[in-house]
Amino acid sequence: MMQVSKRLKLNSPSNVCSPERTSPSSTRNASRAKGSVRAGKEHLLLIDADDQIVHSGPSTGMPLFARLGLLHTVEVSESNATGTSFASHSAGALGITGAMTSSNDYFDLCLQNCPQELMFKFIGYHLNTPVFFPLLHAPSFLSEFVAVTQRRLLCTAQYGALLMSILAVTVRLVESARALLPASERDTAGEAYFELAQDFIRISKNKLDIRHILALYHLALFAEGRTGSAGSVSSFVAEAVGLAFTTGLHRSTKEFNMDPVTLQIRTRLFWALYTLDTALAYSQGRPPLIRLSECSVDLPAIVDNVYIKKTEILPQPEDDPPLAMAAAVKMIEIYIVLEQVLSAINAPSKTPAAALSLDNNTLDRGDLMRRAQNRLEEIERDLPPYISQLDVTPSATSIFFHSCRVRTVLQFVRTLIARQALIDELDAGTELSTRAASFATSEACRVSVDTIKTYSRLRHLGLLRFCGFHAVSHVTAAAHTLIACMLKSSDLAFEHRPDLLTAIDILLVFSSPFPDVETIGQLLVQLSRTLDHNHGSNSQSEAVAIRVLARRMARSPTRAEPRDSEGTTSWPLWEDDEDPSLNIDLVSRLSVRPQAPPALAYGQSTLSEKRLMSTPQEASSTFNSINDSSAWLAQIPVESIEPQWMNDASDHAVWGDSFSFLNDGIFSKL
């Protein structure tokens, strides 16, 4: 095993100060240098037999031997570990020598499932759509893809998995990319890419190759909302997080000899996994796999990809702010607060380990929630102007979109905090249904309605299709909380019924890319039936029936209490006195493809996307003769999130924050 590090030569004459000339600044520099030495020896990055980076922390004993000088280390860097001529990050972030231990080239197998020209177009959509976390470094990724297509770089199993997973998630979540496929393949191509990527994952021998971990992340994105079971996405995330820890993504690597591209890819991948794991911790009510108290990785650099070079990170021009990266980093900061809030909410009241705990600090959930609120306010105050514009009719749609993206995450965390306050009120024995709303109820209602209105604006502007599965969690949490508020206050039940309908409407729109969301929408419809909107009471309604595992000593149903087997296995449709054709499938179709205005449908292409769909066919012949990734970047299709019709947007748009595209009469029985 060999250590990959960058030694600090602190004993050289230029770094030694004489005692009589010691100054406060030199003392500070010396203490800073000592801190750097200690930080550099806290952990090691070893190179294993497959040329992959393996993290070795203090408990292994290796850092101790390094301090004692008992290890003979050979420092390896990217410059002397690879002889490749193309500008790729593979030698650093994807394995010191590019993980070339495999002799098989799997690119032909990839081509059997997707033509090369179509691959290129899909990659262009993936790199330019705001749907995904800004994870990949486009110039280096394209350079590596060119090398693979020209057979200058071997397509290993892990690279094939990464490539096909990217194609799969792009075809599924980017409607204009899916439109490039033949009509007969649009519903099956994504699944085919997904299955092939999993086959590559199974035969991959270099599990610590970052390509392998990147592929697992994209497979998890594909699995989100695909079925009613969370097993698939949880499996991908758990494996990716475990491998990320093994290869040291959770620790700062500034002291190691890594180029900026390599460092940023590793950093972005860690935070992408962190946000996805935290989102799963919320949706499943489980402890997060990643706890930042044990991690030291820095936040990603807030610059666009074009300014991240192999030798340095250039400053971002002031007149061209990095919207996507700035929004992503701010959302990471909010997720850090969210992780702590979820840990407090999901923590069990009693644990066997409490008697043996070495931590004297007892958990005060109320105090933690107050500190979380204060931290969220600080984050909101520190937002740069270009991601804090929430005008109803924005002048720059991209600025408005990223501002809304940050705003919805902020309000999502606030919703969870407010909802917990409601639970605490109920546990304290407060009356369930009253006319006036308490402070906790009013606050929970306010943040929930704000979330729903924000997504309503995004839909009105045709931007809802750029929201990922996280938006489903946001809207669902807001709707759940709003229903609770309406049950507690009859005034709120009457006032915010349109907002609840809008939330259900938005969820039905999301059922197009995420099929399982339709079930969530149906459940909300059934929950809404428990509301008597005239009195804010559910006294004449039955509770929603769900299947749960029986508790010990549970009372079995008697003949007087017949089993409601149908209620636990199927969802009720509309009332008998309504038109039977108005079932949930029809509502879903109406929501996914609204008749007016047609430009607001989830999958509607903008004019720029239509130009992209008519990309000249002869472009592929040019690619074979291009070795420079910059030429590829010039020809990459760019999917703008600026709808062309927004140029003539009026300040007097005829719509309200609670506007619903569904006919309200359909929900007359709610």
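Take any residue in the sequence shown, count from 1 to its spot, add 7: that is its number in my numbering. We treat Cβ as the ideally placed atom computed from N, Cα and C, and that holds for glycine.
When you compare the CB positions of A379 and V348, do they come within less than 9 Å of one another, or not? Counting from one through the sequence shown, the residue named residue 379 turns up at place 372. Counting from one through the sequence shown, the residue named residue 348 turns up at place 341. Yes, these two residues count as a Cβ contact at 9 Å.
By how many angstroms is the C-alpha of V304 removed from the C-alpha of L174? The count along the sequence shown starts at 1 and reaches residue 174 at position 167. The count along the sequence shown starts at 1 and reaches residue 304 at position 297. Taking the straight line from one Cα to the other gives about 29 Å.
May I ask which residues mark the beginning and end of the beta strand (DSSP E) holding H50? Here residue 50 is taken as the residue at index 43 of the sequence shown, counted from 1. H50 -> no beta strand (DSSP E), and no H or E assigned at all.
Would you mind giving the Cβ-Cβ distance between V516 and R466, rounded to the nearest angstrom? I have them listed as a contact below 8 Å. By one-based count along the sequence shown, residue 516 stands at place 509. By one-based count along the sequence shown, residue 466 stands at place 459. At roughly 7 Å, the Cβ-Cβ gap stays under 8 Å, so V516 and R466 are in contact.
Taking Cβ to Cβ, would you say L429 is nearer than 9 Å to S410? For the purposes of this step, residue 429 is identified with residue 422 of the sequence shown, where counting begins at 1. For the purposes of this step, residue 410 is identified with residue 403 of the sequence shown, where counting begins at 1. No; because the gap between Cβ atoms is not below 9 Å, this pair is not in contact.
Applying the criterion that 16 or more other CB atoms from any shown protein chain within 10 Å of the CB defines a buried residue, is K357 buried or exposed? Stepping through the sequence shown from its first residue, residue 357 is reached at position 350. With fewer than 16 Cβ atoms within 10 Å of its Cβ, K357 is classed as exposed.
To which residues of the same chain is D583 closer than 6 Å at the C-beta, ignoring the five residues directly before and after it? On the sequence shown, residue 583 is found 576 positions in, with the first residue counted as 1. Unreliable positioning characterises D583 in this predicted model, as indicated by a pLDDT of 40, which lies under 50. The coordinate reading is nonetheless provided below. Answer for D583: no residue qualifies.
Residues near T285 in its chain [Cβ-Cβ closer than 8 Å; skip 5 each side]: Indexing the sequence shown from 1 puts residue 285 at position 278. Counting only Cβ-Cβ distances below 8 Å, and skipping sequence neighbours, we find P295, I297, Y342, L345, E346 and L349.
Helix, strand or coil at H144 [DSSP, three-state]: For the purposes of this step, residue 144 is identified with residue 137 of the sequence shown, where counting begins at 1. In this structure, H144 counts as coil in the three-state DSSP scheme.
Endpoints, beta strand (DSSP E) assigned at V61: Translated into positions along the sequence shown, residue 61 becomes position 54. Per DSSP, V61 belongs to the beta strand (DSSP E) from I60 to S63.
T318 and D266 look like a contact to me (Cβ under 8 Å); what is the Cβ gap, rounded to whole Å? Stepping through the sequence shown from its first residue, residue 318 is reached at position 311. Stepping through the sequence shown from its first residue, residue 266 is reached at position 259. Confirmed, about 7 Å.
Short check: CB of S455 to CB of A435, under 9 Å? Start at 1 with the first residue of the sequence shown, and residue 455 comes out as number 448. Start at 1 with the first residue of the sequence shown, and residue 435 comes out as number 428. No, they are not a contact pair.
Alpha helix (DSSP H) segment containing N353, residue limits: Here the question's residue 353 lines up with position 346 in the sequence shown. Counting along the chain, the alpha helix (DSSP H) containing N353 begins and ends at L330 to N353.
Grouping DSSP H, G and I as helix and E and B as strand, with all else coil, what is S496? As a first step, residue 496 must be located in the sequence shown, where it is residue number 489. The answer is strand: DSSP assigns S496 an E or B state.
Compute the Euclidean distance between the alpha carbons of Y4 and D115, then round it to the nearest angstrom. Nothing can be reported for residue 4: it is not among the residues displayed for the chain, which extend from 8 to 677.
Put I315 into one of helix, strand or coil per three-state DSSP. For this step, residue 315 is matched to residue 308 along the sequence shown. Correct three-state label for I315: strand.
Counting only the same chain and skipping the five closest in sequence on each side, list residues whose C-beta sits under 6 Å from that of H144. By one-based count along the sequence shown, residue 144 stands at place 137. Closer than 6 Å at the Cβ level, and outside the excluded window around H144, lie V268, I272 and N312.
Stretch pair the segment 222-234 + the segment 66-82: three plus CB contacts closer than 8 Å: no
Contact belief for V336 with I320 at Cβ below 8 Å, rounded distance in angstroms: Your numbering for residue 336 matches position 329 in the sequence shown. Your numbering for residue 320 matches position 313 in the sequence shown. Not a contact, Cβ separation roughly 14 Å.
Residue range of the alpha helix (DSSP H) that includes F473: By one-based count along the sequence shown, residue 473 stands at place 466. Looking at the DSSP string, F473 is not in any alpha helix (DSSP H), and its letter there is neither H nor E.
Inter-residue Cα distance where the pair is C730 and R275: What is shown of the chain runs 8 to 677, which leaves residue 730 out entirely.
Minimum C-alpha distance to V244 - residue among D216, R233 and L287: Residue mapping note: residue 244 aligns to position 237 of the sequence shown, counting from 1. Among D216, R233 and L287, the Cα nearest to that of V244 is on L287.
For I513, which residues in the same chain have their Cβ closer than 6 Å to its Cβ, ignoring the five residues on either side in sequence? Here residue 513 refers to the residue found at position 506 of the sequence shown. Same-chain partners within the cutoff: Y462 and V482.
Residue range of the alpha helix (DSSP H) that includes P7: This structure leaves residue 7 out entirely; the chain is present only between 8 and 677.
Can you tell me the Cα-Cα spacing of S449 and T422, whole angstroms? As a first step, residue 449 is located in the sequence shown; it is residue number 442 there, counting from the start. As a first step, residue 422 is located in the sequence shown; it is residue number 415 there, counting from the start. Computed Cα separation, rounded: 11 Å.
What three-state label does DSSP hand I309 in the structure shown? Here the question's residue 309 lines up with position 302 in the sequence shown. I309 falls in the coil class under three-state DSSP.
Kindly identify the DSSP beta-bridge partner or partners of I511. As a position in the sequence shown, residue 511 is number 504, starting the count at 1. DSSP, once it has assigned bridges, lists no residue as partnering I511.
Just the C-alpha distance for G574 and A451, rounded to the nearest angstrom, thanks. Against the sequence shown, residue 574 aligns to sequence position 567. Against the sequence shown, residue 451 aligns to sequence position 444. Residue placement at G574 is flagged as unreliable, the pLDDT there being 41, under the threshold of 50; the coordinate-derived value follows with that caveat. Spanning the two alpha carbons is a distance of roughly 30 Å.
Quick one: using the 10 Å Cβ neighbour count with 16 as the cut-off for buried, is I54 buried or exposed? Counting from 1 along the sequence shown, the entry for residue 54 is found at position 47. Buried, by the Cβ-count rule.
Check whether D506 and G232 have beta carbons under 9 Å apart: Position 499 of the sequence shown, counted from the start, is the residue given in the question as residue 506. Position 225 of the sequence shown, counted from the start, is the residue given in the question as residue 232. Not a contact, by the Cβ cut-off of 9 Å.
From A334, S242, A486 and Y166, pick the residue whose C-alpha is nearest to that of Q529; which is it? As a first step, residue 529 must be located in the sequence shown, where it is residue number 522. Checked all of A334, S242, A486 and Y166; the closest Cα to Q529 is A486.
Just checking my contact of V420 with L383 at CB under 8 Å: how many whole Å lie between their CB atoms? Position 413 of the sequence shown, counted from the start, is the residue given in the question as residue 420. Position 376 of the sequence shown, counted from the start, is the residue given in the question as residue 383. Yes, V420 and L383 are in contact; Cβ-Cβ is about 6 Å, under 8 Å.
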